[in-house]
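Be aware that the sequence shown starts at 1, since it is given in my numbering, and climbs by one per residue.
Remarks on the structure that follows.
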Amino acid sequence: MSQPEKVEDPHDRNAFMPRGKRYDRDDSRRIRNFFPIAYEDVPRCLVDPRTFPGRIPPRIYLGWYMPEHNMGVVRIAKENFPEMVKLKSGRIKSDGFIFDQFPKFIRTHYQVPEKEQDRVDIVDVIMNQSVADGLAVVVGSNLGGWLSEDLVERISNDLFDGRPPVWYLDPCKWSFTRPRLC
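The following block contains the structure:
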């Protein structure tokens with residue numbers, strides 16, 4: 001009788017480190033299976049750079065996955081901000097609306113402080129092995145900070161039916177790295 005495969009604990013400080021000397025494809029698969037992670041359950045090693053001095057943690061985003069990709073964002077915009085959706089022949093003018101106008105409108109509508117406005121964005125994220133990678137509307141990251149809980153809760157209640165945000169992995173910066181020295 002075979003032993004069940006051991007499931008790693010993402011709170012183990014070494015869970016996100018390579019199994020060998022360098023990261024490889026197996027490490028990528030193993031790490032992506034930890035995601036998404038509930039907002040309040042994020043491992044300390046991903047939000048506290050002091051956990052591994054001299055290393056930058058993988059970038060993770062706090063937000064909401066859009067299973068319908070661009071059309072999911074358009075649907076939310078039509079339902080909540082009909083005045084911002086300018087249609088041309090029944091279609092959205094361009095993807096510029098998705099990646100530029102929608103985050104800008106959220107920043108304005110919710111009066112996001114100027115120094116925190118770059119935290120609101122639409123980005124590509126990695127999902128676990130069973131769900132396709134896709135887009136997420138995000139309100140921050142572990143490397144750049146995230147919006148206040150009050151603001152996140154308002155956005156969650158108004159735009160995402162009260163679903164709390166979760167942490168998603170960046171597809172390009174999914175591993176610990178060393179800072180570049182100039």
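Built from N, CA and C at the ideal position, the CB exists for glycine as well.
Predicted, not measured: the structure shown is a model, and the values here were computed from it.
- Take the alpha-carbon of D12 and the one of R19: they are about 14 Å apart.
- DSSP places S141 in the uninterrupted beta strand (DSSP E) bounded by G134 to S141.
- D121 sits in a strand when the DSSP states are folded into three classes.
- Here DSSP, grouped into helix, strand and coil, assigns A77 to helix.
- Bridge partners of T177 according to DSSP: I56.
- DSSP places L46 inside the alpha helix (DSSP H), whose first and last residues are R44 to V47.
- In this structure, R59 and L181 do not form a Cβ contact; the two beta carbons are roughly 20 Å apart against a cut-off of 8 Å.
- Here M17 carries a coil assignment [DSSP, helix/strand/coil].
- Annotation: Y65 to A136 spans about 4 Å, alpha carbon to alpha carbon.
- Just measuring C-alpha positions, the residue of E40, M17 and R22 sitting nearest I31 is M17.
- As computed with DSSP, V112 is found in no beta bridge at all.
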